[in-house]
Amino acid sequence: MAEEQQVSVAVLPTGFWDSLTGDLLHHGVRLPASLRTVVIGGEAVRADMLERWHRVRGAEDVRLLNTYGSTETALVTHAVQLAGPGAPVLPETGGDLPIGLPLAHVGQLVDESGELYVSGPGLALGYHDDPGATAARFTERDGTRWYRTGDLVGEAAGGLLGSGAARTTRSRSAASGWTCSTSRR
-7 MAEEQQVSVA VLPTGFWDSL TGDLLHHGVR LPASLRTVVI GGEAVRADML ERWHRVRGAE
53 DVRLLNTYGS TETALVTHAV QLAGPGAPVL PETGGDLPIG LPLAHVGQLV DESGELYVSG
113 PGLALGYHDD PGATAARFTE RDGTRWYRTG DLVGEAAGGL LGSGAARTTR SRSAASGWTC
173 STSRR
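So in our numbering, spot 64 of the sequence shown is number 56, and the numbers just go up one at a time.
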């Protein structure tokens, strides 16, 4: 059907993309020639998921973009090309792949514990009828309003952010190119 409709861009939740990848491999199906870009997001992408994608017939011709954002920002805030024509060499992580660089409309701050804060025009005003939760997650620094994502990140050369599970301790070897961060929540 995608071939008949000449679909050139597909936007998929990460979990669905991973399941689709498995189905394509299982059935030996080639990606449609019309497909140029696949955008994924919604959960972390692991290195093993990307390795499977590389085995799909035709994947080498398709740009695979990983996106990151949260409901509180209303839009995607970070993106990185993981595969396809012109894809950068990604740092070795041994686990989750990068969430990317901030888009032009996004402010980014990583605090001393490694927690990611974001700002920008799509930032929510707060949580409806919950001033306590709003005060806990939305803050102001130097005249800019920020949202505390709760996600821990590490930063590689060039500012590329790597994702970590919220409320966990993350540690990466010095050889990986990631800055280590720890949370004590």
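Ideal Cβ positions, reconstructed from N, Cα and C, are used throughout, including at glycine.
Going by the beta-carbon positions, is the gap between residue 37 and residue 58 smaller than 8 Å? yes
With distances taken Cα to Cα, identify the nearest neighbour of residue 92 among 145, 63, 121, 41. 145
Compare the C-alpha of residue 53 against each of 19, 41, 103, 79 and name the closest. 79
What's the gap between the Cα of residue 2 and the Cα of residue 23? 11 Å
In angstroms, rounded to a whole number, what distance separates the CA positions of residue 136 and residue 98? 12 Å
Can you tell me the Cα-Cα spacing of residue 21 and residue 50, whole angstroms? 9 Å
According to DSSP, simplified to helix, strand and coil, what is residue 35? coil
Contact under 8 Å by Cβ, residue 60 with residue 109: no
If you draw a straight line from the C-alpha of residue 148 to the C-alpha of residue 83, how long is it? 7 Å
Residue(s) in a DSSP beta bridge with residue 9: In the DSSP output, where bridge partners are listed per residue, residue 9 has none listed.
With DSSP run on the structure shown, which of helix, strand or coil describes residue 17? helix
Residue 39 and residue 89 - do their beta-carbons sit closer together than 8 Å? yes
Could you give the distance in angstroms between the alpha-carbon of residue 74 and the alpha-carbon of residue 41? 11 Å
In chain order, each beta strand (DSSP E) run of at least 3 residues that lies wholly inside the segment 78 to 160: 90 to 94, 99 to 102, 107 to 111, 130 to 133, 136 to 147, 153 to 156
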